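In the UniProt record's numbering, the protein residues as written are 1 to 601.
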């Protein structure tokens, strides 16, 4: 998922008019399409056309292609739109997926897209530990064999010793690059080395090291020119913009409307707001904006917003190894004290809805997973009296209208957020005001950026921080954010191990076993691990137990569930996805390549 797109995205732009490009394919001469890459701020003019490179100029759905494009389904992670693959069959037991490539798929240099391109791309994916192609022994959802059936067909089987319901997704979510450009990175004995790496002992360990060492070459590889199977090809990049031209060899070129695409450089939210307000972007993914800015954006000529489901929520997460957050009554007291409606209205009025409660699941799929049980969970509605009762139960003391720790020492709730995440910072400032008003001292601390934030929160440096959670649609992914590595549980080769607080990435420090009312004693990490291989029906009772556990134990306070708000402009192009479309978490490049977007006549 594009984390920066959730809370920190911006864009610059250089006009939204149209220009005609000679020699382009069909599609009606749609001219220039102007957008931004919401996954990262800043363009690197020296970055390669390499989809694995962190600062590469490979743009998802435009010149960078995957086997398929994941639909934004409420509960099923294995539904896709065509990409390099035209169609596919998933075995009933999820043990394999057979992929049929686009029959007229070609690279921009005219060579056909063939099965060997896919096999080579999978080999490259192994070197970076991508999705289904991890070489960690016993990794869940790992591929066992990659078979070229014919020039247009590939079959990938799953290692069923530790299966995952997301296996097909992991395969389809694979970058595909041309073997005739990239193949030299893989040595002649690569596949033999890979086979050895799946074993045990010194030879297997040496083979794994050799495969992963190739990953550095993959990340650094710079093709002499962009050879794309997507609708566009990279033409040039400078610090201000990247220009892509239409690929006349794209399999669906006749239905690709724009002749050119410009990705514009940006560095902060305010920049994006200004360009959207001026009507200069044809499309921008989600960017957090306060109400007054949203009103300004909506007034721009042609301005249009599309909203849909986003399987992400934000929680106020506690480091339970630090007092007083080890006491569940303190966590519950804070849950009662914080008015989630007010927080959401201030921080994310267009991009979120207040959480109905803490369940660990976004409220829309929660209806599918746990049904009526959602209504039986404690809602933690704003109630200062209940908060006071919980604080007293925890042994906190109130002196001169201010809450102190049980031993009488001062208590200050210190919340941390990454600089640039405007909705998170606004939320924490609002929570601070609410807490101070009710006698709880509080402060907000910002750190340089999101990578630093993730590094420091994992190291246990924060008392309280914000944590993305409920990452659907796969049930295992939803709960591993609460009961995975960050809270002490690792799942290797299907075996669950629990680490003590402060060890192996365990910064939440929750209890290994919890006595849950109406359920009994549960080990939430072991329950979460069961979701990895469970069918949708088998997952439902497990999800219910975990929802009750999260609701009672509150490792986080679920604040708001995100709404996916996309910004488009109808002045130059039409055919945008409908409200609540399952396309909305895919890039506009995918919408264009599927032939949806049309030039306005």
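Think of the CB as a built atom: it goes at the ideal place given N, C-alpha and C, for glycine as much as any other residue.
Computed from a prediction, not measured in an experiment: that's the story for all the values here.
The DSSP-derived three-state label of residue 167 is helix. When secondary structure is reduced to three states using DSSP, residue 589 falls in the helix class. Each of 585, 581 and 599 was checked against the Cα of residue 574, and the nearest Cα belongs to 599. Following the DSSP letters along the chain, one finds residue 477 inside the alpha helix (DSSP H) bounded by residues 475-483. In terms of Cα proximity to residue 471, the closest of 365, 525, 372 and 553 is 365.
In the assembly as shown, residue 295 is an exposed residue. Its beta-carbon has fewer than 16 other beta-carbons within 10 Å.
Exclusion of the five residues before and after residue 171 leaves 97, 132 and 156 as the residues of its chain whose Cβ lies within less than 6 angstroms of its Cβ. Taking a 10 Å sphere around the C-beta of residue 568, we find 16 or more other C-beta atoms and assign the residue as buried. In terms of Cα proximity to residue 242, the closest of 433, 534, 458 and 57 is 57. Cβ-Cβ distances below 7 angstroms link residue 518 to 548 in the same chain, with the five nearest sequence neighbours on each side left out; the list follows chain order. The beta carbons of residue 121 and residue 177 sit about 5 angstroms from each other, so the pair counts as a contact at 8 angstroms.
When DSSP states are grouped into helix, strand and coil, residue 158 belongs to the strand group. By the CB criterion at 8 angstroms, residue 340 and residue 554 fall outside the cutoff.
In the three-state reduction of the DSSP assignment, residue 181 falls in the helix class, which pools H, G and I.
Residue 444 sits away from residue 457, with the two beta carbons spaced by 8 angstroms or more. If you ignore the 5 residues before and after residue 149, its C-beta comes within less than 8 angstroms of the C-beta of 98, 115 and 155, all in its own chain and listed in chain order. Setting aside the 5 residues that flank it on each side, residue 238 is surrounded in the same chain by 45, each with a C-beta closer than 7 angstroms to its C-beta; the list follows chain order.
Look at residue 97 here: in three-state DSSP terms it is strand. A straight-line Cα-Cα distance of about 37 angstroms links residue 265 and residue 136.
Note: residue 305 is bridge-paired with 567 in the DSSP secondary-structure output.
In the structure shown, residue 57 falls within a coil segment according to DSSP collapsed to helix, strand and coil. Distances from the CA of residue 451 to each of 70, 254, 249 and 421 were compared; the closest alpha carbon is that of 421. When DSSP reads this structure, residue 558 sits in a beta bridge with 315. In the structure shown, the three-state DSSP call for residue 532 is coil.
By the neighbour-count criterion, in which 16 or more other beta carbons inside 10 Å mark a residue as buried, residue 493 falls on the exposed side. Distance from the Cα of residue 65 is smallest, within the candidate group 231, 217, 165 and 202, for 231. Within the segment 361-442, the complete beta strand (DSSP E) segments at least 3 residues long are 397-399, 402-404 and 412-418, listed from N- to C-terminus. For the 8 angstroms CB-CB criterion, residue 353 and residue 550 do not form a contact.
Only residues of its own chain outside the window of five on either side were considered, and among them 489 and 496 have a CB closer than 8 angstroms to the CB of residue 526, listed in chain order.
Judged by their CB atoms, residue 403 and residue 346 are not nearer to each other than the 8 angstroms cut-off.
If one requires a minimum length of 3 residues, the beta strand (DSSP E) runs lying completely within the segment 60-115 are 68-70, 80-82, 85-90 and 96-101, in chain order.
Cβ-Cβ distances below 6 angstroms link residue 199 to nothing in the same chain once the five nearest sequence neighbours on each side are left out. Taking C-beta separations shorter than 6 angstroms and ignoring five residues to either side along the sequence, the partners of residue 561 in its chain run 313, 353, 355, 362 and 363, following chain order. Within the DSSP secondary-structure output, residue 446 pairs in a beta bridge with 417.
8 angstroms or more divides the Cβ of residue 285 from the Cβ of residue 571. Of the other Cβ atoms in all chains shown, fewer than 16 fall within 10 Å of the Cβ of residue 147; this residue is therefore exposed.
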